[in-house]
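Trainee: Chains as they are written, first to last, in the working numbering: chain G, 1 to 286; chain C, 287 to 505. Glycine included, each C-beta is placed from N, C-alpha and C at the ideal position.
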Amino acid sequence: MRKTLPVEDLARDERFVRVPFTARMDDPRSARREEAPGKGRRGPGRLTPERPDAPDAARSLMHGIFMGEIQALEGAGRTCWDFEVGKGTGEGTPEVPFELKLDMARQCWDEARHCEISAKLSEHMGTEIGEFAENTFLYEAACNPDPVLRLTGVNRALEGLAIDVFNTMREFGEIAGDPVLEFCEDWMLADEVTHVKMGSDWLRRLTADDKARQQRALEFQRVVDKLFSLGGFRGDEEDSPVRLARRFRELAGFEDEEMETLAEVAREARAELEARVEANRAAVQG
Amino acid sequence: MADPKRPRAPFAPWDRRELPGSFTVEETARRVGHYKWIEMRLFEALGGWVATVPELDVKLRLGTHCYHHAWHADLWHKRLPELREMDPDRLTVPPNDELVAFVDRLTEPEAPELTIEKLVGVYRVLLPAKIAAYTYHLNNTSRITDAPTIRYLGFILQDEIEDWRDGEMLLQSLIETEEELRRAVDRQAELQALLLAAGGIAGPGSIGEPYVSEEEQHA
Numbered sequence: 001m002r003k004t005l006p007v008e009d010l011a012r013d014e015r016f017v018r019v020p021f022t023a024r025m026d027d028p029r030s031a032r033r034e035e036a037p038g039k040g041r042r043g044p045g046r047l048t049p050e051r052p053d054a055p056d057a058a059r060s061l062m063h064g065i066f067m068g069e070i071q072a073l074e075g076a077g078r079t080c081w082d083f084e085v086g087k088g089t090g091e092g093t094p095e096v097p098f099e100l101k102l103d104m105a106r107q108c109w110d111e112a113r114h115c116e117i118s119a120k121l122s123e124h125m126g127t128e129i130g131e132f133a134e135n136t137f138l139y140e141a142a143c144n145p146d147p148v149l150r151l152t153g154v155n156r157a158l159e160g161l162a163i164d165v166f167n168t169m170r171e172f173g174e175i176a177g178d179p180v181l182e183f184c185e186d187w188m189l190a191d192e193v194t195h196v197k198m199g200s201d202w203l204r205r206l207t208a209d210d211k212a213r214q215q216r217a218l219e220f221q222r223v224v225d226k227l228f229s230l231g232g233f234r235g236d237e238e239d240s241p242v243r244l245a246r247r248f249r250e251l252a253g254f255e256d257e258e259m260e261t262l263a264e265v266a267r268e269a270r271a272e273l274e275a276r277v278e279a280n281r282a283a284v285q286g
Numbered sequence: 287m288a289d290p291k292r293p294r295a296p297f298a299p300w301d302r303r304e305l306p307g308s309f310t311v312e313e314t315a316r317r318v319g320h321y322k323w324i325e326m327r328l329f330e331a332l333g334g335w336v337a338t339v340p341e342l343d344v345k346l347r348l349g350t351h352c353y354h355h356a357w358h359a360d361l362w363h364k365r366l367p368e369l370r371e372m373d374p375d376r377l378t379v380p381p382n383d384e385l386v387a388f389v390d391r392l393t394e395p396e397a398p399e400l401t402i403e404k405l406v407g408v409y410r411v412l413l414p415a416k417i418a419a420y421t422y423h424l425n426n427t428s429r430i431t432d433a434p435t436i437r438y439l440g441f442i443l444q445d446e447i448e449d450w451r452d453g454e455m456l457l458q459s460l461i462e463t464e465e466e467l468r469r470a471v472d473r474q475a476e477l478q479a480l481l482l483a484a485g486g487i488a489g490p491g492s493i494g495e496p497y498v499s500e501e502e503q504h505a
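#1: Note down, in chain order, every chain G residue with its Cβ under 9 angstroms from the Cβ of C/A331.
#2: Does G/G88 come out as helix, strand or coil in the three-state DSSP assignment?
#3: Could you give the first and the last residue of the continuous alpha helix (DSSP H) run that contains G/T16?
#4: In the DSSP output, what is G/R234 paired with across the bridge?
#5: Would you check if the distance between the CB atom of G/G173 and the CB atom of G/L161 is smaller than 8 angstroms?
#6: In chain order, what residues of the same chain have a beta carbon less than 8 angstroms from the beta carbon of C/T435, not counting five sequence neighbours either side?
#7: Hey, quick one: how far does the alpha helix (DSSP H) through G/F172 stretch, first residue to last?
#8: Since C/E464 meets chain G, which of its residues come closer than 8 angstroms, beta carbon to beta carbon?
#9: Listed from N- to C-terminal order along the chain, which residues in the stretch 349-367 of chain C have their beta-carbon within a distance smaller than 9 angstroms of any beta-carbon of chain G?
#10: Taking only beta-carbon atoms, is C/V318 less than 8 angstroms away from chain G?
#11: Which bits of chain C does G/E66 rub up against, with CB to CB less than 9 angstroms?
#12: With DSSP collapsed to three states, give me the class of G/E95.
#13: Kindly indicate if chain C contains any beta-carbon less than 8 angstroms away from that of G/W202.
#14: Which residues in chain C sit within 8 angstroms of G/R12, going by Cβ to Cβ distance?
#15: Between C/F329 and C/H363, how many whole angstroms is the CB-CB distance? I'm expecting something under 8 angstroms.
#16: If we ignore side chains and look at the alpha-carbon of each, how far apart do G/K39 and G/P241 end up?
#17: Leaving out five residues before and five after C/T431 in sequence, what residues of the same chain have Cβ atoms less than 8 angstroms from its Cβ?
#18: Taking contact to mean 3 or more Cβ pairs, one atom from each stretch, closer than 8 angstroms, check whether the stretch 477-488 of chain C and the stretch 436-446 of chain C are in contact.
#19: From G/A11 to G/R113, what distance separates their C-alpha atoms?
#20: Evaluate the contact criterion for the stretch 450-469 of chain C versus the stretch 408-424 of chain C: three or more CB pairs, one atom per stretch, below 8 angstroms.
#21: Give the residues of chain C in contact with G/G153, contact being defined as C-beta atoms less than 9 angstroms apart.
#22: Evaluate contact between the stretch 194-202 of chain G and the stretch 261-279 of chain G, counting only Cβ atoms and requiring at least three cross-stretch pairs below 8 angstroms.
#23: Going by the DSSP bridge assignment, what does C/S492 pair with across the sheet?
#24: What's the C-alpha gap between G/N144 and G/Q221?
#25: Quick check: C/A433 and C/H320, are their CB atoms within less than 8 angstroms of each other?
#26: I'd like to check one pair, G/T152 with G/A217: are the Cβ atoms closer than 8 angstroms?
#27: So, is the C-beta of G/K101 closer than 8 angstroms to a C-beta in chain C?
#28: Could you check where the alpha helix (DSSP H) with G/S200 kicks off and where it finishes?
#29: Residues in its own chain within less than 6 angstroms of G/M169 by CB, not counting five upstream and five downstream?
#30: Would you check if the distance between the CB atom of G/S122 and the CB atom of G/E128 is smaller than 8 angstroms?
#31: Go ahead and pull the three-state DSSP assignment for G/E134.
#32: List the residues of chain G whose Cβ lies closer than 9 angstroms to the Cβ of C/T393, in chain order.
#33: With distances taken between CB atoms, is the gap from G/F248 to G/I163 smaller than 8 angstroms?
#34: I want to verify the contact list: residues of chain G whose CB lies under 7 angstroms from the CB of C/L346, in sequence order.
#35: Sorted by chain position, which residues of the same chain lie with C-beta nearer than 6 angstroms to C/I417's C-beta, five sequence neighbours on each side aside?
#36: Are G/P97 and G/G88 close, meaning C-beta to C-beta below 8 angstroms?
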């Protein structure tokens, strides 16, 4: 088995369909989707039961969570395999401490449970595997050849997004009167705080004597964070569909300053998406 | 109530634990180092395979089992300093080159259509060998002096047996044709031969010395 499995080779059964993230963003039909009658409002909006499209939006989000959990499982598994055991403090050296591998194996177990929970919840919410497309940007972040950048991108940026998403879904379950959803999301949220804390701790430990590498890792995290802000889908605004879960991020080792930066990154991503949608609209009308 | 001052034996009448055991401290440390080495190779491979298997149920079980074997590796890692090995890496080694060859072959398959080959190697060859070696150790070490190892072996064997059952059931559900059955049998034979050459997960003596009859002994 090779070290580092390219994203094209991720194994899936026939139900799964992949759509690249860029293809989705560049699709002029996104402008029409934004104006679809059931959507209720243009642009992003907080997920509440009152929204006319709430059931579809929640099911779509649930499916996205399920796909994310599969790729998180695969990414953590690859980190167990891709690197040799060593001190892991060398620049770009493909080696990691034994204890880091143990953390990744633990994460495999957690993500496998999350896949099981998400599959059950998807059924509970009336969707099925393959109903929505899969995009693979999560696994792509898990292919970084430097283990520190990989962990920072996946465990801090991606799993950080998971904290925000699970907190949103947990709140949605609470206000929608769905105790099953609320219960499950709360349990997954607990695991995600652990995973993000793993990322924070390993970033600190492995770059304690290498500030340049730490900066590169944090820069990679910013890039991934911007991508994962999904055009303002996740942000700190009142109408952000997924809001920053500041309290849980703090438990996971995020500083206030980092959360402010993240909120700013999300605002930028939202502005860029709105500009793109406007361009798509002009293309459709033109 | 009985007189609290009345002398009682240190071992209750039903407690049949005996001294000594079959393994010295050094021999136990050597075996434990080999156990840690094989557990590491196994959890790394299971983690790597998760992304390569298309079958969803298999994918999720591999993720779960990956952690089980990582936890076993961690238990053995922690046991080594208690056995006077302060540099656990020194003994985290394979018993011989033949076991390395076995592991290399075991972890070779990558293509998505090779799930049977991946699972046979783990669940029909390696896990039974681990269960055998761990059981031999459990039954032959001193239940008094080596109680910490025995406690770990108990936890580990419970995982191994449950994981073996999971893997075997997955395999039985995947093997539907004679051709698939032939693939499984061929793969098992190939890997079993390599493991035989290695003498087991801890090398020759993994499950005790070869049986010698009384006649042979006196010949």
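Mentor: Per the coordinate set shown:
#1: M1, C80, W81
#2: coil
#3: The sequence as given places Phe at residue 16 of chain G; Thr does not occur at that position. Judged by DSSP secondary structure, G/F16 falls outside any alpha helix (DSSP H); it is assigned neither H nor E.
#4: G/V242
#5: no
#6: These residues qualify, in order along the chain: T314, V318, R365, H423, T427.
#7: G/F172 -> alpha helix (DSSP H) spans 159-175.
#8: Neighbours of C/E464 on chain G: none; closest Cβ ~23 angstroms, over 8 angstroms.
#9: G349, T350, H351, C352, Y353, H354, H355, A356, W357, A359, D360, H363
#10: no
#11: First, the residue type needs correcting, since residue 66 of chain G is Phe and not Glu in the sequence shown. Here the premise fails: no neighbours, minimum Cβ distance about 10 angstroms.
#12: Note: G/E95 maps to strand in three-state DSSP.
#13: no
#14: P340
#15: Contact flag wrong, Cβ pair sits at about 12 angstroms.
#16: Unreliable positioning characterises G/K39 in this predicted model, as indicated by a pLDDT of 48, which lies under 50. A coordinate reading is not provided.
#17: L305, P306, G307
#18: no
#19: 19 angstroms
#20: With a cut-off of 8 angstroms on Cβ pairs, the stretch 450-469 of chain C is in contact with the stretch 408-424 of chain C, counting three or more such pairs.
#21: Those do not exist, as G/G153 stays about 17 angstroms from chain C at its closest Cβ, beyond 9 angstroms.
#22: With a cut-off of 8 angstroms, the stretch 261-279 of chain G and the stretch 194-202 of chain G do not count as touching, because too few Cβ pairs lie within range.
#23: C/G494
#24: 12 angstroms
#25: Not in contact: C/A433 and C/H320 (Cβ atoms no closer than 8 angstroms).
#26: yes
#27: yes
#28: Start and end: 179-206.
#29: E185
#30: yes
#31: strand
#32: M1, W81
#33: yes
#34: A112, C115, E116
#35: E446
#36: yes
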